[in-house]
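Worksheet: one structure, shown below.
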Amino acid sequence: MHYITYALWLIKEIYVAGFGLAFSAFKKDPEYNPVILRYPLRVNTAWEIFWFTSSITATPGTLSLGLREPPREGLPRIVIVQAAQGSDPASVMEDLADMEERLAPKVKGIDYGVPGQGDYDELDEAFYEYPLETVGRQIRAPEIAQQEDTALNADEVAKPRPALRKQPRSKDKE
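Those letters in the sequence shown? Residues 1 to 174, per full-length UniProt numbering, in order.
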């Protein structure tokens, strides 16, 4: 019965998010501010991870980009998520935590220090970044992100060379 309730809730969320994105496209400020989040997973079975990441991708405006294994024992796996309307990354984290708890109620009470998983209102910058502001930064687990990553400004990144176009062959007319 729980999974039927989750499926109905997810269908509702897909429609709400879809219409919300469609309406915001007609605003002067469509609130398009993509953010990349590192969400610490509380679900741990392959089935739960599959359904959680699939639910993220099925919801308009969000995309599950991949999983990162924990850098050491005792830390959670990280799911990398892109949200198109990410001006408030803490709110996006809360929504992800809500989705995860609806999928697997057993995770309620597990807390890895992000909004929605505990009594946190603010989100540490190690858990998110705005891809339009940094180019070339590696996405890693929060524990090592600030130690080993160096954000590059757009002017520091090598510019790709334009591809050479083949000249069309001229046909000899006889």
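A virtual CB, placed ideally from N, CA and C, is assigned to each residue, including glycine. The model shown is predicted, which means the values in this text are computed figures rather than measured ones.
Residue environment for E129: buried (at least 16 other C-beta atoms within 10 angstroms of its C-beta).
A direct Cα-Cα distance of roughly 32 angstroms separates Q85 from G74. Close CB contacts of L96 within its chain, under the 6 angstroms cut and outside five residues either way in sequence, are with Y39 (chain order).
Separation of T57 and Q82 (C-alpha to C-alpha, rounded to the nearest whole angstrom) is 9 angstroms. The region 108-118 and the region 63-72 do not touch, with fewer than 3 CB-CB distances between them shorter than 8 angstroms.
In this chain, the alpha helix (DSSP H) harbouring I14 covers H2 to S24.
The criterion of a C-beta distance shorter than 8 angstroms is satisfied by W51 and L103. Each residue's CA atom was taken as its position, placing R42 and M1 some 22 angstroms apart. Rounded to the nearest whole angstrom, the C-alpha separation of P89 and Q117 is 14 angstroms.
Within the same chain, H2 come within 8 angstroms of P105 by CB-CB distance, once the 5 residues on both sides are set aside. With a beta-carbon spacing of about 5 angstroms, V114 and M93 fall inside the 8 angstroms limit used to define contacts.
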